[in-house]
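Under the working numbering, the first residue of the sequence shown is numbered 13, with each subsequent residue one higher.
These notes are about the structure you will find just below.
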Amino acid sequence: MGQQVAGAEQVDVDELTEEQARQELARLAAILNRANRAYYQLDAPEITDAEYDALKLRNAAIEARFPHLKRPDSPSDVVGAAPAEGFAKVTHQVRMYSLANAFSSEDIREFDDSIRRFLGLGDTVVDYTAEPKIDGLSLSLRYEAGRLVQAATRGDGEVGENVTANAMTIGEIPHRLEGAPALLEVRGEVYMSHADFAALNEAQAARGEKTFANPRNAAAGSLRQLDVEVTRSRPLKFFAYAWGAVSEPLGRTQMEVLERFREMGFPVNPLTVLCRGPDEMIAHYARIEAQRAMLGYDIDGVVYKVNDLGLQHRLGYRSTSPRWAIAHKFPAETAWTRLEKIDIQVGRTGALSPVARLTPVTVGGVVVSNATLHNEDYIAGRDASGNPIRGGRDIREGDWVKVYRAGDVIPKIADVDLSRRPEWAVPYAFPTRCPECGSEAIREEGDSVRRCTGGVICPAQAVEKLKHFVSRPAFDIEGLGARQVEQFYLLSWVREPADIFTLAGRDRAGAKALLTLDEVLARISRGSEETARARLAAALGMEAFDHDEAARRFAARSTTPLSRQPGWGEKSAANLFAAIDERRRIPLARLIFALGIRHVGEAASNLLALHYGTWEAFEAAITAAQARTGPEWEELLSIDGVGQVMASSLVTAFAQEHERASIDRLVAMLEVEAAQPPDTSGSPIAGKTIVFTGTLERMTRAEAKVRAEALGAKVSGSVSAKTDLVVAGPGAGSKAKKARELGVEIIDEDAWLKLIEGT
C-alpha cells in the first residue's frame with residue numbers, strides 16, 4: 013500500500029479559523045505537490061488515489077471558504093506535473109493542429125454550409141469521412157525509407173516530446189512498412205481499452221501501487237515513462253487517422269489514405285464511414301453515440317473531415333485548426349452543487365471576470381471547484397442586449413447551480429434551482445472598483461465586460477500580462493509558468509517582461525529584488541492590504557504576515573541564489589536560465605502576440621508579422637500611425653483582417669509612455685526573427701499586394717484570399733499606391749475606379765486563374 017498521510021486530527025472546514033486555514037493550505041500544498049511529482053514524473057506514487065482525492069477536495073473546500081488565502085502554488089491550479097526530464101524536444105515538420113468543436117446538429121449544418129460557401133459550391137453535396145474521436149494521447153510516427161525513426165507527442169502542436177523508444181514497444185505500431193513513401197509521418201491516437209485498463213488497475217492494486225483514474229490518463233502516463241520497460245508492460249493500442257510530412261501523395265481522398273494505412277499494417281477505426289452531406293453525418297453520430305458504451309474504449313465525439321484532399325487543400329487552415337474538419341462532441345456532462353462565493357479576477361486587459369467558487373463536485377470524471385460566470389449580465393440573468401437568459405433567473409451566492417463541461421476545460425454554470433435558494437441570498441452587486449488596485453472599473457458602451465482603469469498601477473494586470481508573455485503561443489519559457497511568474501512578481505524579481513532577461517545577472521550578483529519590501533506592499537495593497545499581506549506571506553513561506561520577519565525573509569530571498577531557493581536546485585535553476593537565454597531569439601509573430609495588446613490574438617499577430625516582415629518595419633509603421641491619419645494608418649487598415657478596433661488598440665499601446673518604454677526595454681534584449689513567408693518559389697505573385705473586388709464567379713473571395721496568401725501575396729482590403737494588382741469581378745465599383753486613377757494593374761477572374769495556374 014502507499015504511504016499514509018500523517019498529521020493531527022483535522023478540523024472540519026466549516027470550523028477552521030483563518031489562521032488554521034492558512035496553516036492547513038500550506039500543509040496540503042506541500043503534500044499534494046509532492047504527490048504530483050512522485051506520480052507524474054517519478055512513477056513512484058506515495059499516497060493512494062483515495063487519500064489524494066480527499067486531500068485535494070479538502071484543499072478546494074478551504075480555498076472556496078477563504079479565497080484570499082489561496083497560495084501561488086495551490087494544488088487547485090495544477091494538472092499533472094511538468095514534463096519529466098529526459099525527453100528530448102521534437103519540432104514537428106508539419107504542425108499538429110487541434111480541431112474546432114461542434115455540439116449540435118445545427119452546428120454541423122452550419123459547418124457544411126461554411127464549407128460550401130467558402131468553396132462556392134452552392135447546393136453541391138460534399139462528401140465527409142466520419143470517425144469516432146478517440147479519448148487518448150496524440151502521437152506522430154515518422155518513417156524514413158519504410159523504417160520507424162521517430163515518435164513524438166503532440167506537445168503544443170509545434171514542439172512535442174521524443175518518445176520513440178516507448179512507441180516501439182506498442183505492438184500495433186509497425187516498425188517497418190512495405191510500399192510506403194520515402195518519407196511518411198503517420199498520426200493517430202494511443203489509447204487503452206476498458207478491459208486492459210481494468211486489468212492494469214487490478215494488477216496495480218495487487219502490488220499496492222497507485223491505480224489510474226481513467227484509461228486516458230493510464231495511456232498518457234504509460235507512454236511517457238522514462239523506463240521503457242514500464243511502457244512495454246502496459247497494454248497500449250493505436251489507431252491511425254491522419255498524416256503529416258510526406259514525400260509523395262498518399263491518395264486523392266481521406267478514405268483512400270486510410271485504406272492505404274490499413275494495407276501498410278496500421279489499425280484504422282472500423283467505424284469510419286463515408287457520409288454524403290450533413291444528414292448522413294448526423295445519422296452516423298447517432299449510431300456511434302448509441303453504441304458508445306459497448307465499444308470497449310473511450311470516445312468523446314465524432315470527427316468529420318472533407319473527403320476530397322483537393323478540397324482540403326483549397327480550404328486550408330485557420331491559426332489553430334483546419335477549416336475542413338470538425339469534432340462533433342457528445343453532450344456535456346452536468347452536476348448540481350452549491351455556489352459558495354463569487355470572486356472577481358482581474359485579467360491582463362483589466363477585465364473583471366467573475367468566478368464561481370463551488371462546493372467541489374465531480375463532472376465528467378473531473379473534480380470541479382471553480383466555474384466561469386462570464387460577466388455581470390450573465391450573473392443578472394440577461395444577455396448583452398438586455399434580453400432574459402435562463403428565464404431571467406439571476407445567480408446568487410448560496411444558490412444550488414447546474415455545472416457543465418463541454419469541449420472546454422473551463423466549467424460553466426448552466427442554470428440555477430430557485431426552489432433551493434436560501435432565504436438570505438441577495439442579488440450579487442458587481443463591483444465598480446477594481447478589487448486589486450481600487451481603481452474605478454468602467455464598462456464602455458458596446459463592451460460586455462467591466463474593466464479596471466488602473467493600467468500599470470494594477471498588480472493583477474501586471475501579473476496576468478507576465479503570465480500571457482510566458483504562455484505557450486508567446487515566449488513559452490520552459491520552467492517559467494504561471495505559478496513561478498506570480499511568485500517572482502510578489503518577490504519583486506520580475507516586474508515586466510524585460511526583467512526576465514536580466515534575472516540571471518541579478519541572481520549572480522546576489523540582488524534579485526527590484527523594489528524594497530515596503531515598495532512591494534505599497535504596489536500590491538491598493539485594493540486590499542489584508543489580501544496583499546497574505547499573498548506576500550505565502551510567497552515568503554510565512555504562516556502569518558509579520559513586517560519584521562517579512563523584511564528579513566524578503567532580503568534573504570533576494571540575495572540567495574535561485575538554486576538554493578525553496579523548490580529549486582542547481583539543475584532546475586540552470587535549466588531555467590538556459591531556457592530564458594534560448595528565447596532571446598524570437599519569431600516576430602510570437603513577440604507581437606506576447607505583448608498582450610488587446611484585440612491582437614495569434615491569428616492577428618501572424619497577419620501583422622507577414623505584412624510588415626520585421627520588427628523595425630512594424631514598430632516604425634505603428635508609431636507613425638498614431639495620428640490615425642496618413643499612409644501608415646491607411647496601410648494598417650488595409651491589411652485584410654485588421655479593422656478599426658484592432659488598429660486603434662495597437663497604436664494606443666505604442667502611444668502610452670509607460671507601455672512603450674516597457675516594450676523598448678524588452679526588444680533591446682532580443683533578436684527578433686523576421687517573419688518567414690511560405691515557400692513561394694516560382695510564384696508569380698510572391699511579395700505583391702493584391703485587392704479582390706466585385707463578384708468572383710469561379711472561386712469565392714475567401715478562397716481567393718487564402719490561395720493568394722499561400723502563394724506569398726499580401727491581400728489588402730483597400731486600394732492604395734502600394735497595391736500591385738486588382739482582381740475585379742462583375743460589380744466592381746469604387747476600388748476598381750481608384751485603381752484606374754492610380755494606374756494600378758486590373759485583371760479579371762479568368763486572367764487571375766491563368767496567372768496562378770500550375771502553382
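For every residue, glycine included, the Cβ atom is placed at its ideal position computed from N, Cα and C.
All of these numbers come straight from a predicted model, not from anything done at the bench.
Going residue by residue through the segment 138-220, where are the continuous beta strand (DSSP E) segments of at least 3 residues, counting only ones entirely within it?
139-146, 149-156, 159-165, 171-173, 195-203
In three-state DSSP terms, what is Q237?
coil
Measure the alpha-carbon distance for A474 versus G328 and round it to whole angstroms.
37 Å
Check whether the Cβ atoms of R535 and P471 lie closer than 7 Å to each other.
yes
Hey, which unbroken runs of the alpha helix (DSSP H) at 4 residues or more fall wholly within the segment 334-422?
388-392
What three-state label does DSSP hand K734 in the structure shown?
coil
Whole angstroms are fine: how far does the CA of V663 sit from the CA of L708?
34 Å
Count the other C-beta atoms from every protein chain shown that fall within 10 angstroms of the C-beta of G308, then say buried if there are 16 or more, exposed otherwise.
exposed
What are the start and end residues of the alpha helix (DSSP H) that includes A716?
713-722
I'd like to confirm the pairing. Which residues does DSSP put opposite P599 in its beta bridges?
E685
Pair within 7 Å by beta-carbon distance, G200 and Y140:
no
Quick check on DSSP: helix, strand or coil for W255?
strand
Once the 5 residues before and after T176 are set aside, which same chain residues still bring their CB inside 6 Å of it?
Q162, A163
DSSP beta-bridge partners of D427
K414
Local conformation of T664 per DSSP, three classes:
helix
Per DSSP, what kind of secondary structure is R288 in: helix, strand or coil?
strand
What are the boundary residues of the beta strand (DSSP E) that D312 is part of?
311-318
Buried versus exposed call for G755 [16 or more other C-beta atoms within 10 Å across all chains shown]:
exposed
Alpha carbon to alpha carbon, how far is P509 from F342?
41 Å
Looking at M267 and N319, is the spacing between their C-beta atoms short of 7 Å?
yes
Where R463 falls: helix, strand or coil (DSSP)
strand
Judging by CA-CA distance, which residue of D427, E457, F442, D411 is the nearest neighbour of G435?
Reading off the sequence, residue 435 comes out as Glu, not Gly. Of D427, E457, F442, D411, the residue nearest in Cα terms is D411.
Would you kindly work out how many angstroms separate the C-alpha atoms of R610 and G183, rounded to a whole number?
49 Å
Have a look at I422, L248, T136 and flag the residue whose alpha-carbon is nearest the alpha-carbon of D147.
L248
Tell me the rounded alpha-carbon separation between T346 and E757.
59 Å
Between which residues of its own chain and N618 is the CB-CB distance below 7 Å, once the five residues before and five after are set aside?
S331, A601
State the DSSP-derived secondary structure class of T692, mapped to helix, strand or coil.
coil
Taking all protein chains shown into account, do 16 or more other C-beta atoms lie within 10 angstroms of the C-beta of I401, making it buried, or fewer, making it exposed?
exposed
Relative to the C-alpha of G362, which candidate in I422, A383, G466 has its C-alpha closest?
G466
In the DSSP assignment, the alpha helix (DSSP H) including I675 goes from what residue to what residue?
669-679
Where does the unbroken beta strand (DSSP E) through F500 begin, and where does it stop?
Per DSSP, F500 belongs to no beta strand (DSSP E); it is in the alpha helix (DSSP H), 494-502.
Looking at the unbroken beta strand (DSSP E) that takes in F704, where does it start and where does it end?
701-705
Taking K101 as part of the beta strand (DSSP E), name the residues at either end of that continuous run.
101-103
As a quick exercise: from V242, P290, F250, A100, pick the residue whose alpha carbon is nearest that of D119.
P290
If you drop the 5 nearest sequence neighbours on each side, which residues of the same chain put their C-beta closer than 7 Å to that of V91?
Here the model assigns V91 a pLDDT of 42, short of 50, so the residue's position is not dependable, and the following value carries that caveat. Within the same chain, V91 has no close Cβ partners at all.
How far does the alpha helix (DSSP H) with E435 in it extend, from its first residue to its last?
Taken as a continuous stretch (DSSP letters only), E435 belongs to no alpha helix (DSSP H), as it is neither H nor E.
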